[in-house]
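**Q** Structure below; questions to follow.
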Amino acid sequence: MYRPLLASRVRGQLAYPLSFGLDVLAQGIGQAIELVVILVLFGRVTSLGGFSADEVLLIYALAGISFGLADLVVGQLDELPRWIRTGELDVLMVRPLPVLAQLVTADLQLRRLGRVLVGVAVLAVVLTRAPIAWSPLTVVLLVVTPLVGAVIIGAIWVATCAVSFWVIEGRELANAFTYGSSLSTAYPLTVFAPWLRRLLTFVVPAAFVAYYPVLAILGRPDPLGLPAGVRYAAPLVAVAAVAVAALIWRAAVRHYQGAGS
Amino acid sequence: MIVHAEGLRREFVLGRRRMLRRTPPGGRRRVAAVDGIDLRIDAGEAVGFLGPNGAGKSTTIKMLTGILVPTAGQLRVCGLDPVTQRRELARRIGVVFGQRSGLWWDLPLADSFALVRAIHRVPEAAYRARLDRCVDVLGLSEFLATPVRQLSLGQRMRGEITAALLHAPPLLVLDEPTVGLDLVSKERLRAFLREVNAQDGVTVLLTTHDLPDVERLCRRVVVIDRGRVVADSDLDALRTRFAGPRELVVDLVTPAPELDGLDGLPGVTGTAAEAGGLRRRFAFGPETSAASLVAEVARRAEIRDITVLEPSIEDVVRTFYGAPRPAG
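Heads up: the sequence lines are chains A and B, in that order. Each residue of the first sequence is one higher than the one before, starting from 12 at the first, in this note's numbering. Each residue of the second sequence is one higher than the one before, starting from 93 at the first, in this note's numbering.
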């Protein structure tokens with residue numbers, strides 16, 4: 012039942028192909044800037060946190076695809092403060108559908124595919140160069156990782172955007188997590204300070220988006236000594252993240268105060 | 093029983109978060125917007141929910157519809173708990189907010205209806221029948237293909253009410269549905285809502301500032317003020333007991349000294365002249381109709397324009413208290 016609505020949104024965007032193309036390009040460039048940063052870094056060093064350029068780019072590519080997919084699906088939550096401030100959220104709450112699903116399907120910004128496209132392109136190049144431990148399991152991991160990663164990032168966003176129900180202008184905090192997650196997922200965990208590594212593994216599980224799965228894809232043990240199974244734990248982490256996000260979201264909606272009249 | 097509320101209460105935390113107008117000096121503080129409301133509404137009733145701004149009307153409506161969680165009290169709507177069964181409740185109620193739109197801004201009205209149909213999974217035949225009736229009675233046909241954002245307020249409200257009725261809810265909740273509408277549009281909506289209530293047996297709960305809304309639609313009136321029910325009674329009883337006089341304002345072509353006295357104007361309790369006698373005001377009680385008064389005036393002077401001022405709901409509430417509301 013969300014389909015006719017989304018179809019109408021998409022039609023509107025494709026009505027002006029040139030402007031749509033430029034939007035996609037702009038998103039792609041946004042993603043590619045980090046690529047440039049990584050390439051510049053490796054012009055000066057040969058390894059980053061113990062990882063070669065191709066290995067880091069593998070993390071970057073998978074994280075980028077995850078981020079792009081998550082942005083495509085739950086990116087609409089950016090608009091949540093406006094829904095709350097204007098009281099338009101009331102309208103969603105008197106429909107027999109989950110509020111979150113309605114918010115997320117209120118629009119579908121296809122231009123966000125720009126990030127995904129850049130990620131896929133980098134991945135295609137890196138797969139031919141990186142020292143991958145090819146096996147059927149590796150193939151499965153390469154396919155599943157961006158999807159599971161998108162779920163994890165999406166769950167983190169939902170949980171942090173829910174802050175808007177308490178502090179309407181909580182967008183800055185939410186943005187720190189949303190765009191921060193783009194940064195923190197794209198690099199090997201080893202480059203971060205120990206406290207941040209623990210945070211990104213155990214609290215905000217950004218390290219499971221790409222870093223741990225890539226360890227498995229490369230056939231490398233965890234340099235920080237966590238058990239080998241952790242490298243395959245992303246799907247479980249995703250399930251847990253979704254459960255926690257759902258609890259936080261539910262509490263947030265219950266806390267909704269309405270807006271004026 | 094469609095609505096059953098007991099001791100319903102909702103507090104807001106004031107201060108810092110800009111919920112209400114003024115930030116209290118002593119930091120944050122809890123204020124009850126709804127302070128212990130008891131309400132029972134039976135199926136088929138038409139109830140007008142009245143009260144001045146900030147009385148707690150909208151907050152109550154939002155609790156009844158599952159938007160806000162009550163701080164305390166018991167509440168069942170259509171036999172459901174609005175908090176834990178919000179989505180099921182949404183299938184059984186139609187909600188219209190005068191100040192917001194349940195339609196899709198950039199889609200044609202007809203497409204909005206189709207989406208509502210999909211959301212509520214209304215069978216095609218039932219959808220057709222309900223929509224055709226609304227299109228017919230509310231005169232929607234000429235703007236069905238118009239994007240909602242291009243509709244006039246009156247057209248949009250007709251669309252909103254149609255959208256709220258497409259899933260045939262047993263309870264229709266309207267929060268200030270006639271706000272900002274012109275007289276003709278108001279009258280048209282009222283007539284339709286009355287029909288929906290009388291013929292289809294839909295329970296109607298309506299908040300408004302507009303006394304004629306209630307007069308045309310509701311047999312029962314609940315007045316709330318400062319979060320409490322201050323009157324819950326038959327409309328006629330409430331009006332004869334509490335409402336002040338109505339006022340007829342007449343603009344004349346030439347000043348008419350023969351209107352100085354009140355002789356032959358039954359029920360008129362006072363008169364005043366303005367604009368050098370070109371405008372006359374007559375206060376009159378419930379025993380006189382505006383029409384008969386206009387006829388009397390027209391016999392004595394040539395009328396250019398007339399207006400009838402109804403006592404505002406604020407007046408009704410104030411009369412009920414017999415004292416002005418404390419400031420703030």
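Beta carbons are placed, not taken as given, at the ideal position from N, Cα and C, and that holds for glycine. This structure is a prediction, so every number in the text was calculated from the model and none was measured.
Just verifying my parser: in three-state terms, what is the DSSP assignment at phenylalanine 53 (chain A)?
**A** For the purposes of this step, residue 53 (chain A) is identified with residue 42 of the first sequence, where counting begins at 1. If DSSP states are grouped into helix, strand and coil, phenylalanine 53 (chain A) belongs with the helices.
**Q** Just checking my contact of proline 337 (chain B) with glycine 377 (chain B) at CB under 8 Å: how many whole Å lie between their CB atoms?
**A** Position 245 of the second sequence, counted from the first residue, corresponds to residue 337 (chain B). Position 285 of the second sequence, counted from the first residue, corresponds to residue 377 (chain B). Beta-carbon to beta-carbon, proline 337 (chain B) and glycine 377 (chain B) are separated by about 5 Å, close enough to satisfy the 8 Å threshold.
**Q** Grouping DSSP H, G and I as helix and E and B as strand, with all else coil, what is histidine 259 (chain B)?
**A** The residue you call residue 259 (chain B) lines up with position 167 of the second sequence. Residue state, collapsed to three classes: coil.
**Q** Show which residues of chain A have a CB atom less than 7 Å away from the CB atom of arginine 444 (chain B).
**A** This structure leaves residue 444 (chain B) out entirely; chain B is present only between 93 and 420.
**Q** Per DSSP, threonine 295 (chain B) is paired with what?
**A** For the purposes of this step, residue 295 (chain B) is identified with residue 203 of the second sequence, where counting begins at 1. Bridge partners of threonine 295 (chain B): B:Leu263.
**Q** Quick check: is the beta carbon of lysine 278 (chain B) nearer than 7 Å to any beta carbon in chain A?
**A** What you label residue 278 (chain B) is simply residue 186 of the second sequence in a count that begins at 1. Chain A, which has no Cβ nearer than 7 Å to the Cβ of lysine 278 (chain B), makes this no.
**Q** Compare the Cα-Cα distances from glycine 79 (chain A) to each of A:Val47, A:Gly54, A:Val159 and A:Ile228 and report the closest residue.
**A** Position 68 of the first sequence, counting from 1, holds the residue named residue 79 (chain A). When each option's Cα is compared against that of glycine 79 (chain A), the closest is A:Val159.
**Q** Write down the C-beta distance between glutamate 279 (chain B) and threonine 299 (chain B) rounded to the nearest angstrom, noting that I regard them as a contact closer than 8 Å.
**A** Here the question's residue 279 (chain B) lines up with position 187 in the second sequence. Here the question's residue 299 (chain B) lines up with position 207 in the second sequence. That belief does not hold up - the Cβ atoms of glutamate 279 (chain B) and threonine 299 (chain B) are roughly 19 Å apart, past 8 Å.
**Q** Does the structure place the segment 128-140 of chain A close enough to the segment 208-225 of chain A that three or more beta carbon pairs sit under 8 Å?
**A** no
**Q** If you run the structure through DSSP and keep just helix, strand and coil, what is glycine 377 (chain B)?
**A** For this step, residue 377 (chain B) is matched to residue 285 along the second sequence. Of the three classes helix, strand and coil, the one that applies to glycine 377 (chain B) here is coil, per DSSP.
**Q** Are the Cβ atoms of isoleucine 133 (chain B) and valine 95 (chain B) separated by less than 7 Å?
**A** Stepping through the second sequence from its first residue, residue 133 (chain B) is reached at position 41. Stepping through the second sequence from its first residue, residue 95 (chain B) is reached at position 3. Taking 7 Å as the Cβ cut-off, isoleucine 133 (chain B) and valine 95 (chain B) qualify as a contacting pair.
**Q** With distances taken from CA atoms, which of B:Thr157, B:Val276 and B:Leu201 is nearest alanine 182 (chain B)?
**A** In the second sequence, residue 182 (chain B) corresponds to position 90, counting from 1. Among B:Thr157, B:Val276 and B:Leu201, the Cα nearest to that of alanine 182 (chain B) belongs to B:Thr157.
**Q** Could you list which residues in chain B have their beta carbon closer than 9 Å to that of leucine 46 (chain A), in chain order?
**A** In the first sequence, residue 46 (chain A) corresponds to position 35, counting from 1. Under the 9 Å cutoff, chain B gives no residues; its nearest Cβ is about 36 Å from leucine 46 (chain A).
**Q** Output, in chain order, the set of chain A residues within a Cβ distance shorter than 8 Å of leucine 245 (chain B).
**A** Working through the second sequence from its first residue, we reach residue 245 (chain B) at position 153. Ordered by position in chain A, no residue passes the 8 Å Cβ test against leucine 245 (chain B), which lies about 16 Å from the chain.
**Q** Residues of chain B with CB closer than 9 Å to the CB of proline 15 (chain A), please, in chain order.
**A** The count along the first sequence starts at 1 and reaches residue 15 (chain A) at position 4. Taking a Cβ-Cβ threshold of 9 Å, the residues of chain B close to proline 15 (chain A) are Asp203, Ala206, Leu207 and Ala210, in chain order.
**Q** Against chain A, with Cβ distances strictly below 7 Å, would leucine 106 (chain B) count as a contact?
**A** As a first step, residue 106 (chain B) must be located in the second sequence, where it is residue number 14. Judged by the 7 Å Cβ criterion, leucine 106 (chain B) is not in contact with chain A.
**Q** Pull up the distance between the alpha-carbon of leucine 128 (chain A) and that of leucine 167 (chain B), whole angstroms please.
**A** The residue labelled residue 128 (chain A) in the question sits at position 117 within the first sequence. The residue labelled residue 167 (chain B) in the question sits at position 75 within the second sequence. Straight-line measurement puts the Cα of leucine 167 (chain B) at about 51 Å from the Cα of leucine 128 (chain A).
**Q** Taking C-beta pairs closer than 7 Å, name the residues in chain B that leucine 200 (chain A) reaches, listed in chain order.
**A** If you number the first sequence from 1, residue 200 (chain A) lands on position 189. Those do not exist, as leucine 200 (chain A) stays about 37 Å from chain B at its closest Cβ, beyond 7 Å.
**Q** Mind checking if methionine 93 (chain B) is an interface residue toward chain A, Cβ cutoff 7 Å exclusive?
**A** As a first step, residue 93 (chain B) must be located in the second sequence, where it is residue number 1. False, the Cβ-Cβ gap to chain A never drops below 7 Å.
**Q** How is the beta strand (DSSP E) around alanine 364 (chain B) delimited, first residue to last?
**A** In the second sequence, residue 364 (chain B) corresponds to position 272, counting from 1. It spans 360-366 - the beta strand (DSSP E) in which alanine 364 (chain B) sits, taken as one unbroken run.
**Q** Is there a Cβ of chain A sitting closer than 7 Å to that of arginine 168 (chain B), yes or no?
**A** Taking the first residue of the second sequence as 1, we reach residue 168 (chain B) at position 76. It does not; no Cβ of chain A falls within 7 Å.
**Q** Report buried or exposed for arginine 248 (chain B), applying the criterion of at least 16 other Cβ atoms within 10 angstroms of its Cβ.
**A** Translated into the one-based positions of the second sequence, residue 248 (chain B) becomes position 156. Per the 10 Å Cβ criterion, buried.
**Q** If you drop the 5 nearest sequence neighbours on each side, which residues of the same chain put their C-beta closer than 6 Å to that of alanine 117 (chain A)?
**A** For the purposes of this step, residue 117 (chain A) is taken as the residue at position 106 of the first sequence. So the list reads Gln87, once near-sequence residues are dropped.
**Q** Counting pairs of beta carbons, one from the segment 207-216 of chain B and one from the segment 224-238 of chain B, are three or more of them closer than 8 Å?
**A** Not touching, per the Cβ criterion.
**Q** Are alanine 185 (chain A) and valine 253 (chain A) closer than 7 Å when you measure CB to CB?
**A** Taking the first sequence and counting its residues from 1, one reaches residue 185 (chain A) at position 174. Taking the first sequence and counting its residues from 1, one reaches residue 253 (chain A) at position 242. No, the Cβ-Cβ distance between alanine 185 (chain A) and valine 253 (chain A) is not below 7 Å.
**Q** Closest by CA to alanine 375 (chain B), which one among B:Gly362, B:Ser381 and B:Gly368?
**A** As a position in the second sequence, residue 375 (chain B) is number 283, starting the count at 1. Checking every option, the nearest Cα to that of alanine 375 (chain B) belongs to B:Gly362.
**Q** Just to confirm the assignment, what range does the alpha helix (DSSP H) spanning arginine 184 (chain B) have?
**A** As a first step, residue 184 (chain B) must be located in the second sequence, where it is residue number 92. Arginine 184 (chain B): member of the alpha helix (DSSP H) spanning 178-184, first to last residue.
**Q** Sort out for me which residues DSSP pairs lysine 140 (chain B) with in a bridge.
**A** Position 48 of the second sequence, counted from the start, is the residue given in the question as residue 140 (chain B). First, the amino acid is wrong: residue 140 (chain B) is glycine here, not lysine. Answer is B:Leu298 and B:Val313.
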